[in-house]
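*Asks:* The structure that follows is given in the form of structure tokens.
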Ligand SMILES: Cc1cc2nc3c(=O)[nH]c(=O)nc-3n(C[C@H](O)[C@H](O)[C@H](O)COP(=O)(O)O)c2cc1C
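In this note's numbering, the protein residues as written are 726 to 1241.
Below you can see the structure in the form of structure tokens.
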């Protein structure tokens, strides 16, 4: 079982770290003439347009990201409107910008480089208005395209070793990553971006599903080759990342798994030529699960019992906004207005209550097969606070068990934060920077190389929830990349032995001057 030989994940992680030197010695440049297409296009398959004027749930964004669906009994079957709403508010186009040399489309969820390398597919039973099949979703024309006709949920359930949600869902969304579309700019680091960018979308997907009254969950344990074959992927170029069963049906038994012949469907080439990064293919191969038995064993591995942390004398309890104080903007309104902040106002402050609301709502636990017991979390949050009213500037650890911050060192660290965020002004000008760090050794020990996918994906989803909680409060945020080892050094000795996984800067956007 290759998944257990975790040298592969370490090699990939260490080999794709950013450092002051690596950034300066990398000769890579973006070949604009060879820029990849941002959509996967099947030229020979008729589009099935989805309703674009989907009804909005109106459910408050903060509640949608933090309150699980409580479905005690009964079925929850998504309607075509529900499915369209979930797809559109996860990856749909929300903004168009026109530049002198062309136009760019921005989507519902943030994405490194706005390169949108994650594709969505749907495997469904017969739903009202949609016949059973395997579909690709194209956000460009808001349409589905039928790749295989018939009910293939039995194949998915088998690939996921009868995982409960996957075996009882009327429809499952499958997220895939397309290497080249992101590697054109980020080279081998794209495999990390798969987790971040997919996680961003998952935050939206889970929230909009919950707001639609439909349970949804992230399933990371599945036989890779079976799911890739079902979607007819060329797995040197595009691979399945996770399954998201939507809704629940008591209908049984599930249809038996079917034969899935290769389809060889034509798609428009992304670029004139593509570069393959062996480090990513090796990481994918080494983290693949090969049989249903391996999936079951992977899923059932229990966490090591870690000793409870000692409460710090200086613990500062979060003080989130009360229910009455919380903005009630709906999840759809917030997703539509979100857009990463390009410049923060360095003179602005945010209140501790607002920061507390972001941290509290974003870390209530994700529904995922790898997060057991429910509520578990792989990433730890570390903060550099610059200008938070009621919180001394300094470095903090977020003690999730006690919902409190522990002061690691007091001081003004704008210059350090700017450096850690790859010398970008954004992390220096923000009100607070939130770093996600993880005990990668422990995670790989438990989950093998696939733990690497899990930790990146979870970080992206927590980051996505932080984006939503931030924009609900009309503040601004942006994901950022970072100098890996310097981040650990900054937060040590507390962070010793951990690895840097993710960074989000939060603050007040600087208002642009109106055009003259
Ligand atoms: C994980 C992650 C990392 C990012 N890193 C950077 C960064 O280092 N610098 C930057 O200016 N923007 C960064 N961004 C912001 C993206 O460029 C932005 O999401 C993308 O252009 C899409 O725009 P939108 O978020 O406004 O929809 C990052 C976004 C994500 C999700």
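Here a beta-carbon is modelled for each residue, glycine too, at the ideal position from N, C-alpha and C.
Going by other Cβ atoms of all chains shown within 10 Å of its Cβ, with 16 needed for buried, is residue 1129 buried or exposed?
*Replies:* Position 404 of the chain shown, counted from the first residue, corresponds to residue 1129. Classification for residue 1129: buried.
*Asks:* Report the partner residues of residue 1135 according to the DSSP bridge assignment.
*Replies:* Position 410 of the chain shown, counted from the start, is the residue given in the question as residue 1135. In the DSSP output, where bridge partners are listed per residue, residue 1135 has 1119.
*Asks:* Using only alpha-carbon positions, find the residue among 897, 935, 932, 991 that is nearest to residue 965.
*Replies:* Counted from its first residue, the chain shown places residue 965 at position 240. Taking only the C-alpha atoms, the option nearest residue 965 is 897.
*Asks:* Exposed or buried, which one is residue 1005 when buried takes at least 16 other CB atoms within 10 Å?
*Replies:* Your numbering for residue 1005 matches position 280 in the chain shown. Buried, because 16 or more other Cβ atoms sit within 10 Å of the Cβ of residue 1005.
*Asks:* Nearest to residue 1139 by CA position, among 1148, 1133, 1131, is which residue?
*Replies:* Translated into positions along the chain shown, residue 1139 becomes position 414. For the residues 1148, 1133, 1131, the minimum Cα distance to residue 1139 belongs to 1148.
*Asks:* Do residue 1106 and residue 1159 have their CB atoms nearer than 8 Å?
*Replies:* To locate residue 1106, count along the chain shown from 1; it is residue 381. To locate residue 1159, count along the chain shown from 1; it is residue 434. Taking 8 Å as the cut-off, the beta carbon of residue 1106 is found closer than this to the beta carbon of residue 1159.
*Asks:* Find out if the Cβ-Cβ distance for the pair residue 1133, residue 1219 is shorter than 8 Å.
*Replies:* Reading the chain shown from its first residue, position 408 is the one you call residue 1133. Reading the chain shown from its first residue, position 494 is the one you call residue 1219. Yes. Within cutoff.
*Asks:* Counting only runs of 3+ residues fully inside the stretch 826-897, write out the beta strand (DSSP E) ranges in chain order.
*Replies:* 827-832, 843-849, 858-863, 868-874
*Asks:* With hydrogens ignored, establish whether the beta-carbon of residue 930 is closer than 7 Å to any heavy atom of ligand 2.
*Replies:* What this structure holds is ligand 1, not ligand 2.
*Asks:* DSSP on residue 1143, reduced to helix/strand/coil?
*Replies:* For the purposes of this step, residue 1143 is taken as the residue at position 418 of the chain shown. Note: residue 1143 maps to helix in three-state DSSP.
*Asks:* Taking the straight line between their C-alpha atoms, what separation do you get for residue 1065 and residue 835?
*Replies:* Here residue 1065 is taken as the residue at index 340 of the chain shown, counted from 1. Here residue 835 is taken as the residue at index 110 of the chain shown, counted from 1. Taking the straight line from one Cα to the other gives about 7 Å.
*Asks:* Have a look at residue 730 and residue 1173 and give me their C-alpha separation to the nearest angstrom.
*Replies:* If you number the chain shown from 1, residue 730 lands on position 5. If you number the chain shown from 1, residue 1173 lands on position 448. Between residue 730 and residue 1173, the C-alpha separation is close to 7 Å.
*Asks:* Hey, out of 1040, 833, 1028, whose CA is closest to residue 820's CA?
*Replies:* On the chain shown, residue 820 is found 95 positions in, with the first residue counted as 1. Ranked by Cα distance from residue 820, the options 1040, 833, 1028 are led by 833.
*Asks:* Return yes when the Cβ of residue 968 is within less than 8 Å of the Cβ of residue 881, no when it is not.
*Replies:* As a first step, residue 881 must be located in the chain shown, where it is residue number 156. As a first step, residue 968 must be located in the chain shown, where it is residue number 243. Going by C-beta atoms, residue 881 is nearer than 8 Å to residue 968.
*Asks:* Ligand 1 and residue 1027: does any heavy atom of the ligand fall closer than 7 Å to the residue's C-beta?
*Replies:* For the purposes of this step, residue 1027 is taken as the residue at position 302 of the chain shown. Incorrect: residue 1027 has no Cβ contact closer than 7 Å to ligand 1.
*Asks:* Got a sec: does ligand 1 put a non-hydrogen atom nearer than 7 Å to the Cβ of residue 1245?
*Replies:* The requested residue 1245 is not part of the displayed model; the chain covers only 726 to 1241.
*Asks:* In angstroms with no decimal places, state the Cα-to-Cα distance between residue 772 and residue 1137.
*Replies:* Residue mapping note: residue 772 aligns to position 47 of the chain shown, counting from 1. Residue mapping note: residue 1137 aligns to position 412 of the chain shown, counting from 1. C-alpha of residue 772 to C-alpha of residue 1137: approximately 55 Å in a straight line.
*Asks:* Ignore the nearest five residues each way along the sequence and tell me which others in residue 739's own chain have a CB closer than 7 Å to its CB.
*Replies:* In the chain shown, the residue the question calls residue 739 occupies position 14. Nothing listed; no residue qualifies.
*Asks:* Since residue 766 and residue 993 are thought to touch, with beta carbons under 8 Å apart, how far apart are those beta carbons, to the nearest angstrom?
*Replies:* Against the chain shown, residue 766 aligns to sequence position 41. Against the chain shown, residue 993 aligns to sequence position 268. About 4 Å; that satisfies the 8 Å criterion.
*Asks:* Given 8 Å as the limit, is there contact between the stretch 1023-1040 and the stretch 1170-1184, that is, 3 or more CB pairs closer than that?
*Replies:* yes
*Asks:* Taking residue 1107 as part of the beta strand (DSSP E), name the residues at either end of that continuous run.
*Replies:* Stepping through the chain shown from its first residue, residue 1107 is reached at position 382. It spans 1104-1110 - the beta strand (DSSP E) in which residue 1107 sits, taken as one unbroken run.
*Asks:* From the DSSP output, read off the bridge partner residues of residue 1113.
*Replies:* As a working mapping, residue 1113 is identified with position 388 in the chain shown. Bridge partners of residue 1113: 1075, 1116.
*Asks:* Cβ of residue 1064 within 7 Å of any heavy atom in ligand 1?
*Replies:* Mapped onto the chain shown, residue 1064 falls at position 339. Yes.
*Asks:* In this structure, does DSSP put residue 1041 in helix, strand or coil?
*Replies:* Taking the chain shown and counting its residues from 1, one reaches residue 1041 at position 316. Of the three classes helix, strand and coil, the one that applies to residue 1041 here is strand, per DSSP.
*Asks:* I'd like to confirm something about residue 836: is its beta-carbon nearer than 7 Å to some heavy atom of ligand 1, or not?
*Replies:* Sequence index remark: in the chain shown, residue 836 carries index 111 (1-based). Yes.
*Asks:* For residue 1053, list the residues DSSP reports as bridge partners.
*Replies:* Locating residue 1053 in the chain shown gives position 328, counting from the first residue. Paired residue(s): none; residue 1053 is not in a bridge.
*Asks:* From residue 1240 to residue 761, what does the alpha carbon distance come to, in whole angstroms?
*Replies:* As a working note, residue 1240 is residue 515 in the chain shown. As a working note, residue 761 is residue 36 in the chain shown. Since pLDDT at residue 1240 reaches only 48, below the 50 mark, its modelled position is unreliable, and the value read off the structure follows with that caveat. Taking the straight line joining both Cα atoms gives about 32 Å.
*Asks:* For a test of the three-state rule: what should DSSP assign to residue 818, helix, strand or coil?
*Replies:* Here residue 818 is taken as the residue at index 93 of the chain shown, counted from 1. In this structure, residue 818 counts as strand in the three-state DSSP scheme.
*Asks:* Where do the N-terminal and C-terminal ends of the beta strand (DSSP E) with residue 970 fall, by residue?
*Replies:* Taking the chain shown and counting its residues from 1, one reaches residue 970 at position 245. Taken as a continuous stretch (DSSP letters only), the beta strand (DSSP E) holding residue 970 covers 963-971.
*Asks:* Measuring only the C-alpha atoms, how far is residue 1085 from residue 1190?
*Replies:* By 1-based counting over the chain shown, the position of residue 1085 is 360. By 1-based counting over the chain shown, the position of residue 1190 is 465. Spanning the two alpha carbons is a distance of roughly 10 Å.
*Asks:* Beta-carbon separation of residue 849 and residue 911 under 8 Å?
*Replies:* By one-based count along the chain shown, residue 849 stands at place 124. By one-based count along the chain shown, residue 911 stands at place 186. Not in contact: residue 849 and residue 911 (Cβ atoms no closer than 8 Å).
*Asks:* Taking residue 943 as part of the alpha helix (DSSP H), name the residues at either end of that continuous run.
*Replies:* Within the chain shown, numbered from 1, the residue matching residue 943 stands at position 218. No alpha helix (DSSP H) contains residue 943, which DSSP labels as neither H nor E.
*Asks:* For residue 1020 and residue 1167, what's the separation of their Cα atoms in angstroms?
*Replies:* Looking up residue 1020 in the chain shown gives position 295. Looking up residue 1167 in the chain shown gives position 442. Those two C-alpha atoms are separated by around 19 Å.
*Asks:* Between which two residues does the beta strand (DSSP E) holding residue 1158 run?
*Replies:* Numbered from its first residue, the chain shown carries residue 1158 at position 433. That run of the beta strand (DSSP E) goes 1157-1163.
*Asks:* Evaluate the contact criterion for the stretch 1089-1097 versus the stretch 1219-1228: three or more CB pairs, one atom per stretch, below 8 Å.
*Replies:* no
*Asks:* Could you check the C-alpha separation between residue 943 and residue 986 for me, to the nearest Å?
*Replies:* Numbered from 1 along the chain shown, position 218 holds the residue referred to as residue 943. Numbered from 1 along the chain shown, position 261 holds the residue referred to as residue 986. So the two alpha carbons sit approximately 27 Å from each other.
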